[in-house]
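Put into structure tokens, the structure is as follows:
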């Protein structure tokens, strides 16, 4: 095999620059030959006939970086300013701009670009080229457009030091900063790859980042997913090792019952890259982070931007999307309830339906199954009901919730959020039964195969067992830290703690992932209510469900005993030992408990601490905070506040995740505020709360939802697997047939 490659490569190299004497020497030393060939091939195959097209604002370093990239690849380098425009015009660019003015300059610049042709080259565009649509369409067809994304403050400083006084668009009353802001929309429209460039980063480093980004763009094979129950030491097959993002979005649960995780882990951001996002908006931060987590072969940057814009553009009541508010002392609240259904679940479930619709094949209908302990239900129903009509015809969702295990307003909200492709089914059991039932349905190949053959319908999940659910949650944890830096609360690099009310371990896992990606989170504090199985596990390493009965509390979203996403974290700290994870979860399933090894418990406790809160302490915290600040915590946030007070050491800021709006738990809030008369009507409860002029105000989106249909029917079934499966089949027949 080596000789075949050797002589094939020999023909290629002979056509370039090696003399016969060099070839003879190489053939006598095959190891040296192989090394040189590997280097030559990796560089030239990176470019091939495609161009690498560098785009960015003036002062981004496109020319310098382009020359370095060209040298590394040993390919032609073209600077549009120097090699095309000035040659065509026989005058400098600045002279041309002064001569013809802004609009005519853009037109003539675009015409010159349309006449330009090159292949296998590194091309540095001008800062204004992207403003000419036809010219950029012509260029984009010839190669990969790489956006050098440099913070505006850095660009302004560079242009000042370069004494640049005139660029396209500059005129009286319009600042350079305004022009740079205006141009961003054009850069975002055209790029295939983004390269983050911090303030003091050297051109050589940027060039290496460009090459790495292009290699990633051209090789999606590197970003595969594995099951938590296969992994490095467990069972693995050829098929298992080639699951991509699009696959795990649609398949949700691995065939062996495990959860999908990225085989090579999550991307790491440098400190400089994080700092370049300090001035960015929430949507801009989301775009940058998710681009690095989702390969463009699965979702191109332009489509991802469209999805993010749709998810967060108009559906959130606060322009900051996930604002950070100072509560008291070193405590800050991350407000995650400004979405349409008033909980943190909106961050993922305004995005995931659009990701799902983009990733699934057009040839099949999909029924999405969801189990909820309260907030997920209305969020998933709302999210999937916002799809385009054509997508709603082929995608439907069923939400299973514990009929008597959610708050009255949560229940009313789930019923009111039903649409033509989205239904709620109450189950006479608890959340753990609903979640376990869905997992069993997914791993029942006879049943899922029957649905596919008989009805042309595949099943998918929108719970946090689906990998796509976790990614938007990573964004808000990272964004919260960047907001504290932006507000001058801390310098970048100083640590923070986070405290998160936790039941299914998804939200706190997202914080741990943000830490892995480079956000300086010191400790993640897991806050439980009286269903404190996670607290016991983090303290002792023993996960023990023997004799445990689920307790219904004022914080129903964390009324969970079986934490699904804990499996992903155990797989991580066990160095991808899928065999160990399988063993632990088989033991939990069969015997009701497992014990973590001492070394793994020590590793876990480096990241996590845990505490729990009683019902009395939860209500007391709501009353105390309102009395001292006028701010109303929801019941879940109150659980986190109590635990944070007990466990924090006050040596750094602590960010408490406020996971839901208090409006969803009005009876408990009214009780905590010691209001005696409580009307049972949810709308009346919200009006009563609003009369107290609370901070933040009552969630009016929630109020409007409840007003639309105060009385709405929904289906209820017993806690029986055969009945759930029968209900699924009936709904498929009604919607898809």
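In this note's numbering, the protein residues as written are 116 to 852.
Don't be surprised by glycine CBs; every beta carbon is placed ideally from N, CA and C.
Per-residue burial, residue i [other beta carbons within 10 Å of its own, 16 or more giving buried]
i           : result
residue 224 : buried
residue 202 : exposed
residue 751 : buried
residue 254 : buried
residue 242 : buried
residue 583 : buried
residue 845 : exposed
residue 650 : buried
residue 692 : buried
residue 314 : exposed
residue 722 : buried
residue 298 : buried
residue 248 : exposed
residue 373 : buried
residue 324 : buried
residue 669 : buried
residue 662 : exposed
residue 287 : exposed
residue 479 : exposed
For residue j and residue i, the rounded distance between their alpha carbons
i           : j           : result
residue 597 : residue 644 : 29 Å
residue 136 : residue 394 : Because the pLDDT of residue 136 is 34, which lies under 50, any placement of that residue in the model is unreliable, and the question is left without a value.
residue 300 : residue 442 : 36 Å
residue 512 : residue 496 : 7 Å
residue 205 : residue 199 : 10 Å
residue 419 : residue 617 : 29 Å
residue 785 : residue 793 : 7 Å
residue 275 : residue 389 : 24 Å
residue 659 : residue 706 : 9 Å
residue 89  : residue 711 : The requested residue 89 does not occur in the structure, where the chain is confined to residues 116 to 852.
residue 593 : residue 627 : 10 Å
residue 207 : residue 261 : 26 Å
residue 170 : residue 799 : 56 Å
residue 467 : residue 577 : 8 Å
residue 349 : residue 579 : Model confidence at residue 349 stands at a pLDDT of 45, short of 50, so the residue's coordinates are unreliable and nothing is read from them.
residue 549 : residue 689 : 28 Å
residue 546 : residue 708 : 19 Å
residue 214 : residue 273 : 25 Å
residue 472 : residue 402 : 19 Å
residue 281 : residue 172 : 13 Å
residue 351 : residue 375 : Below a pLDDT of 50, predicted positions are generally treated as unreliable, and residue 351, at 46, falls in that range; the measurement from the model is reported next regardless. Going by the C-alpha atoms only, they are around 13 Å apart.
residue 729 : residue 431 : 32 Å
residue 840 : residue 536 : 18 Å
residue 717 : residue 653 : 10 Å
Min CB distance residue i to chain D below 8 Å
i           : result
residue 332 : In the structure shown, chain D cannot be found, because there is only a single protein chain.
Beta carbon of residue i nearer than 8 Å to that of residue j
i           : j           : result
residue 294 : residue 174 : no
residue 769 : residue 446 : yes
residue 311 : residue 391 : yes
residue 534 : residue 490 : no
residue 371 : residue 335 : no
residue 382 : residue 400 : no
residue 787 : residue 738 : yes
residue 368 : residue 554 : yes
residue 405 : residue 265 : no
residue 585 : residue 625 : yes
Those residues which DSSP pairs with residue i across a bridge
i           : result
residue 612 : 769
residue 326 : According to DSSP, which records beta bridges pairwise, residue 326 is partnered with nothing at all.
residue 832 : 542
residue 822 : None; residue 822 has no bridge partner.
residue 440 : 448
residue 358 : 340
residue 593 : According to DSSP, which records beta bridges pairwise, residue 593 is partnered with nothing at all.
residue 572 : 480
residue 258 : 166
residue 516 : 541
#### Entry: Touching by the beta-carbon criterion (3+ pairs, under 8 Å), the stretch 802-820 and the stretch 464-484
In the pairwise beta carbon analysis, the stretch 802-820 is classified as not touching the stretch 464-484: fewer than three pairs are separated by under 8 Å.
Hey, is the stretch 772-787 in contact with the stretch 752-759, meaning 3+ C-beta pairs nearer than 8 Å? Judged by Cβ distances under 8 Å, the stretch 772-787 makes contact with the stretch 752-759, as three or more pairs qualify.
### Three-pair Cβ contact test at 8 Å for the stretch 631-642 versus the stretch 602-621
The stretch 602-621 and the stretch 631-642 touch, with three or more beta-carbon pairs separated by less than 8 Å.
Can we say the stretch 690-700 touches the stretch 733-748, given the rule of at least three CB pairs closer than 8 Å?
-> They do not touch, by the three-pair rule.
Inspect the CB distances between the stretch 540-548 and the stretch 829-842 and report whether three or more fall short of 8 Å. Cβ pair count under 8 Å is three or more, so yes.
*asked:* Could you check whether the stretch 356-365 touches the stretch 332-347, counting it as contact only if at least three pairs of C-beta atoms, one from each stretch, sit closer than 8 Å?
replied: Yes: at least three Cβ pairs fall under 8 Å.
Query raised in the report: Within the chosen definition, does the stretch 423-433 reach the stretch 451-468 through at least 3 CB pairs nearer than 8 Å?
Result: At 8 Å Cβ cutoff, the stretches touch.
Determine contact between the stretch 520-535 and the stretch 568-584, defined as no fewer than three beta-carbon pairs at a distance below 8 Å.
Result no; under three Cβ-Cβ pairs closer than 8 Å.
(Q) If contact is defined by three or more beta carbon pairs under 8 Å, each pair taking one atom from either stretch, is the stretch 212-229 in contact with the stretch 176-191? (A) With a cut-off of 8 Å, the stretch 212-229 and the stretch 176-191 do not count as touching, because too few Cβ pairs lie within range.
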